[in-house]
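Chemist:
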Amino acid sequence: MRKLHYETSTVSHQVLKLLACISLCIGLLITVCIARPALADTVSQTPIESCSVTLTNIRRNISLENAEYPSILRFFAYQNNANLWLDAAAQCSDRYEQSIVYSAYDSYEAHQIALHNGIASSAVDTGADLDHLRTVSPTTSNDVITASISVPTDLGDSTETALAGAQDKAAFSMEVLGARSNPKNEDDFALSFRSRTNAAQFAGTLSTDPRKKVYSVQTLLKNPVSIIDPSTGLLVPTNSAVEMELGLSEVTGTKTLTSPQKRYAAAAFIRSAFYDAFILGYPTSPLPLQEK
Numbered sequence: 005m006r007k008l009h010y011e012t013s014t015v016s017h018q019v020l021k022l023l024a025c026i027s028l029c030i031g032l033l034i035t036v037c038i039a040r041p042a043l044a045d046t047v048s049q050t051p052i053e054s055c056s057v058t059l060t061n062i063r064r065n066i067s068l069e070n071a072e073y074p075s076i077l078r079f080f081a082y083q084n085n086a087n088l089w090l091d092a093a094a095q096c097s098d099r100y101e102q103s104i105v106y107s108a109y110d111s112y113e114a115h116q117i118a119l120h121n122g123i124a125s126s127a128v129d130t131g132a133d134l135d136h137l138r139t140v141s142p143t144t145s146n147d148v149i150t151a152s153i154s155v156p157t158d159l160g161d162s163t164e165t166a167l168a169g170a171q172d173k174a175a176f177s178m179e180v181l182g183a184r185s186n187p188k189n190e191d192d193f194a195l196s197f198r199s200r201t202n203a204a205q206f207a208g209t210l211s212t213d214p215r216k217k218v219y220s221v222q223t224l225l226k227n228p229v230s231i232i233d234p235s236t237g238l239l240v241p242t243n244s245a246v247e248m249e250l251g252l253s254e255v256t257g258t259k260t261l262t263s264p265q266k267r268y269a270a271a272a273f274i275r276s277a278f279y280d281a282f283i284l285g286y287p288t289s290p291l292p293l294q295e296k
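Counting from 5, one number per residue, gives the positions in the sequence shown under the working numbering.
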């Protein structure tokens, strides 16, 4: 009888743990559904109020990201924060640059959890249509975002000029790196094609084409595998440094936007460059543009 009582108690304990886990999952799913109102739903709030609510929700999720919870809970926490940081980029005037980087980082962490726990990569919200990626680029990795993300429009000539130039330079750099790799690096070529397509779309709306098409390759030719990234002083894979430079250049070119809708659209577009930099091996610690 004592043994039976022990076994019954053990089973009961396991059931309670399972019920607690299910309860946590349901609670987080509810948080995911209700904690992030659409940008349009915040128009009745002041910018300071909207920013405060978003940052509060982000902090709530951060407590779950690194806690000893099941992977699926942490996956949802990172995934939700990736989107909330885009809201912060739109609503918090002094957090635009930081929020984009953090959004990319949280998407990257969600991807890592998915990778090690059998969660479909298409479930990770990176801003790209990964199913489309598999259709048009079956030979490339599903990790990097090689499909063109929707290019934001009506951002203004100066902003779109900066974005066209940044994308064109990244396209050229990735093409050079792809040509020098042995064996052939399909991801570099795919990323080059993506950036060239994006640059063309931005340039197509401008009266003067800002693309130079050809850029200095001396640094790339000397450091085709790894390079000291001037933005952080870290030794990083060269292709990841190209994507990081792209993201930083795009942040600089868009940070004067004042419309929350335009800031959101720009942030959602720009974060793919940072995300790909992390996927390609750029260190996630320390993050660039961290909060001071």
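Cβ atoms here follow ideal geometry from the backbone N, Cα and C, with glycine treated the same way. Keep in mind that this is a model prediction, so the values were computed, not measured.
Return the residue from the list Ser-162, Gly-169, Ser-211 and Asn-227 that minimises the CA-CA distance to Val-180.
Modeler: Counted from its first residue, the sequence shown places residue 180 at position 176. Selected option, being the one with the closest Cα: Asn-227.
Chemist: State whether the segment 154 to 168 contacts the segment 202 to 215, with contact taken as three or more CB pairs (one from each stretch) at a distance under 8 Å.
Modeler: Result yes; three or more Cβ-Cβ pairs closer than 8 Å.
Chemist: So, do the segment 169 to 187 and the segment 260 to 272 have three or more beta carbon pairs nearer to each other than 8 Å?
Modeler: Counting Cβ pairs under 8 Å, fewer than three are found: no touch.
Chemist: CB Phe-282 to CB Ala-108, shorter than 9 Å?
Modeler: Taking the sequence shown and counting its residues from 1, one reaches residue 282 at position 278. Taking the sequence shown and counting its residues from 1, one reaches residue 108 at position 104. Yes; because the gap between Cβ atoms is below 9 Å, this pair is in contact.
Chemist: What is the residue span of the beta strand (DSSP E) that Pro-241 lies within?
Modeler: Residue numbering aside, residue 241 sits at position 237 when the sequence shown is read from its first letter. Per DSSP, Pro-241 belongs to the beta strand (DSSP E) from 239 to 241.
Chemist: Are at least three pairs of beta-carbons, each pair with one atom in the segment 66 to 78 and one in the segment 245 to 264, less than 8 Å apart?
Modeler: Contact between the segment 66 to 78 and the segment 245 to 264 is absent, because fewer than three Cβ pairs lie under 8 Å.
Chemist: In three-state DSSP terms, what is Ile-274?
Modeler: For the purposes of this step, residue 274 is taken as the residue at position 270 of the sequence shown. In the structure shown, Ile-274 sits in a helix (DSSP, three-state: H, G or I).
Chemist: Roughly how many angstroms separate the alpha carbons of Ile-62 and Glu-190, rounded to a whole number?
Modeler: The residue labelled residue 62 in the question sits at position 58 within the sequence shown. The residue labelled residue 190 in the question sits at position 186 within the sequence shown. Computed Cα separation, rounded: 36 Å.
Chemist: Nearest CA to the CA of Phe-278: which residue from Cys-55, Glu-101, Arg-64 and Ala-118?
Modeler: On the sequence shown, residue 278 is found 274 positions in, with the first residue counted as 1. For Phe-278, the nearest C-alpha among the options comes from Glu-101.
Chemist: If you draw a straight line from the alpha carbon of Cys-37 to that of Asn-84, how long is it in whole angstroms?
Modeler: The count along the sequence shown starts at 1 and reaches residue 37 at position 33. The count along the sequence shown starts at 1 and reaches residue 84 at position 80. Residue placement at Cys-37 is flagged as unreliable, the pLDDT there being 44, under the threshold of 50; the coordinate-derived value follows with that caveat. Approximately 9 Å between the Cα atoms of the pair.
Chemist: Leu-239: buried (16+ other C-beta within 10 angstroms of its C-beta) or exposed?
Modeler: Here residue 239 corresponds to residue number 235 of the sequence shown, with the count starting at 1. With fewer than 16 Cβ atoms within 10 Å of its Cβ, Leu-239 is classed as exposed.
Chemist: How would you write the range of the beta strand (DSSP E) that Ser-230 sits in, first residue to last?
Modeler: For the purposes of this step, residue 230 is taken as the residue at position 226 of the sequence shown. Element bounds for Ser-230: 230 to 232.
Chemist: I'd like to check one pair, Ala-271 with Ser-97: are the Cβ atoms closer than 9 Å?
Modeler: The sequence position of residue 97 within the sequence shown is 93, counting from 1. The sequence position of residue 271 within the sequence shown is 267, counting from 1. It is not a contact, given that the beta carbons lie outside the stated cut-off.
Chemist: Grab me the residues of Thr-242's own chain with a C-beta within less than 8 Å of its C-beta, minus the 5 sequence neighbours each way, in chain order.
Modeler: Residue mapping note: residue 242 aligns to position 238 of the sequence shown, counting from 1. Within the same chain, Thr-242 has close Cβ partners Leu-181, Leu-224, Asn-227, Pro-228, Val-229, Ser-230 and Ile-231.
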